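Novice:
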Amino acid sequence: MIVTVKKQGLMKKAYELSVLCDCEIALIIFNSSGKLVQYASTEIDKILLKYTDYNEPHESKNNMDVSLFSLFVSLLLLNESSRRKG
Numbered sequence: 001m002i003v004t005v006k007k008q009g010l011m012k013k014a015y016e017l018s019v020l021c022d023c024e025i026a027l028i029i030f031n032s033s034g035k036l037v038q039y040a041s042t043e044i045d046k047i048l049l050k051y052t053d054y055n056e057p058h059e060s061k062n063n064m065d066v067s068l069f070s071l072f073v074s075l076l077l078l079n080e081s082s083r084r085k086g
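Read in order, the letters of the sequence shown are residues 1 to 86 in full-length UniProt numbering.
1. Output the boundary residues of the beta strand (DSSP E) element that contains Ile28.
2. Less than 8 Å separating the beta-carbons of Glu24 and Thr42?
3. Runs of 4 residues minimum, wholly inside the region 7-53: which ones carry the alpha helix (DSSP H) assignment?
4. Report all residues from its chain with a CB closer than 6 Å to the CB of Ile29; omit the five preceding and five following residues, and keep chain order.
5. Between Ile47 and Ala26, which are expected to be in contact by the criterion C-beta below 8 Å, what is the C-beta distance as a whole number of angstroms?
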């Protein structure tokens, strides 16, 4: 149940991002049993073809990058909070 709710929330965020930023989004999820779920703001095949044909430098993130960024933001907020108190 929790995975379904999280998955729906992620798809909603992908939709919102595609509308607010006027961009193409492709979201591909394989659950723990290997079942595929996908969301695409346009045709996913066209988005994936663009991705595979793209050969210029681009931004790429993985779980470690996101975790480190979240930790960095938390430390900044904690530091700012302690400055206000002290």
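Quick reminder that beta carbons are idealized off the backbone N, C-alpha and C, glycines included.
Here the structure is a predicted model, which is why all the values come from computation and not from measurement.
Specialist: Concretely, from the data shown:
1. Ala26 to Phe30
2. yes
3. 44-53
4. Val37
5. 4 Å
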